[in-house]
Every structure is written in structure tokens, then in C-alpha cells.
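For reference, the structure is listed below as C-alpha cells.
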Amino acid sequence: MSDAGSNFTSYEREPAKRVFASELREATKTFKNTEDEKSPMYVLLPTGERCNRVLVVGTITQKDKIGDQNILYRARVSDPTGLFFVTAGSYQPEAMHQLAKIDPEVPVFVAVIGKPSVYTTPDGKVFTSVRAESVLVVDQETRDLWVQDTARSTLDRVDALAGDDPSSDVLLARETYRFGPDHWRRMVYDALSRVMTL
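Heads up: take any position in the sequence shown, counting from 1, add 1097, and you land on this note's numbering.
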């Protein structure tokens, strides 16, 4: 591949990984492939896969508007495993306008595509959220399909995490995170059983 081609592919949008709230909340390890400031920032999921973008679906349970000039919306989105924290501000105008129109008093399912962000608070707590690129209202069928797809993707990652031929990302996840494959399998089965009983 020519240099021009490799430069082009390195700045293409990364595919959005499906991930449950419970796993994303535990994701604290970030890294870049190169020192280039335009190189994407990755978050390493506890199941051993890096991601630069995620696709999450759940119910908006709270929304706050912060500021008057530089407006930022912060929302809580609940899936069958827990809460996502989603933000959208003036640098994400499309997502900000979409989030602004949603009334959290009327429960709706939303599909959010965005970049995972990891922050460390002054007292040392690590906080993971999703900086939204788009926020779309969806129906329950779409939410249920997302849960099934996310369960499948997560179990594939768990199989690799437990496997005998680990990638460098899997090795790093094993060193970094406290929960092993059995924990994440239980999370997946709990999520599926909650959706099936609703």
C-alpha cells in the first residue's frame, strides 16, 4: 500500500463497537498507536478489544443542560447492565441538537454512537463516558436487537480473552482489569434474561 493510501486509512472512521454499560464503566486504559496528535485515542475494553467508537442503546433516565454560552448536555442512559453517561456539546452540534429535543420525563430508547472518554477526577476516581456523535430515538425492537448483537460481540471477545492464543490487547486486558471471562459471561446472560422477561 502506498504512503498516501496508508495515511488515508489511518484517518478513516473506526467501526463502532457494541458494548454494554457494565463493561464500558470498567474500561479505564487508554492509548494511541502513534505519537501523531491526529492518531485516534483507543479505550481498551476489559474483554480485550480496543475501541475508538462505540454504539450503545438504552433508555434516557436523566438529562442536564450545563452552561449558557458553551452549552453541554449530559445524559444518563440505562441498558440492561447499568448506566452509560453520554455528553454532547458545541463540538458535536448534531448530537447536541438531537439530545436537546429529547424529553427525559417521557422514557424513550436512544441509540448513541460516540467516542468513549476516560477522565480521572481530582480525588483519583476514574470516570468513563461517551462523547456522542449522534443520538437517535429508536423503538424497543431496535433496543432488543442491539442487546442480542452486543451479547454476541461480547461473548466473542470473552472467548478470545479466555483463549490460549491471546493478542497483545488481550494480554494487556488480563494485566489491567480485575474481572475475568466468567464475570463477563454472567453479565451477558443477565442482560439477555432481563430483556427476555420484559
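Beta carbons: idealized from backbone N, C-alpha and C, even for Gly.
Remember, it's a predicted structure, so these values are computed and weren't measured experimentally.
Would DSSP call PRO1190 helix, strand or coil? helix
Tell whether a beta-carbon distance below 8 angstroms holds between THR1156 and SER1187. No; because the gap between Cβ atoms is not below 8 angstroms, this pair is not in contact.
Just to confirm the assignment, what range does the beta strand (DSSP E) spanning GLN1159 have? 1151-1163
Can you give me the C-alpha to C-alpha distance between ASP1301 and VAL1140, rounded to a whole angstrom? This structure gives no information on residue 1301, because the portion of the chain shown stretches from 1098 to 1295.
Out of TYR1286, ASP1256, SER1264 and LEU1121, which one is the CA nearest neighbour of LEU1180? LEU1121
Check for me: the alpha helix (DSSP H) holding VAL1267 runs from which residue to which? 1265-1273
Answer yes or no: do GLN1189 and ARG1228 have a C-beta to C-beta separation smaller than 8 angstroms? yes
For ARG1240, does the three-state DSSP call read helix, strand or coil? helix
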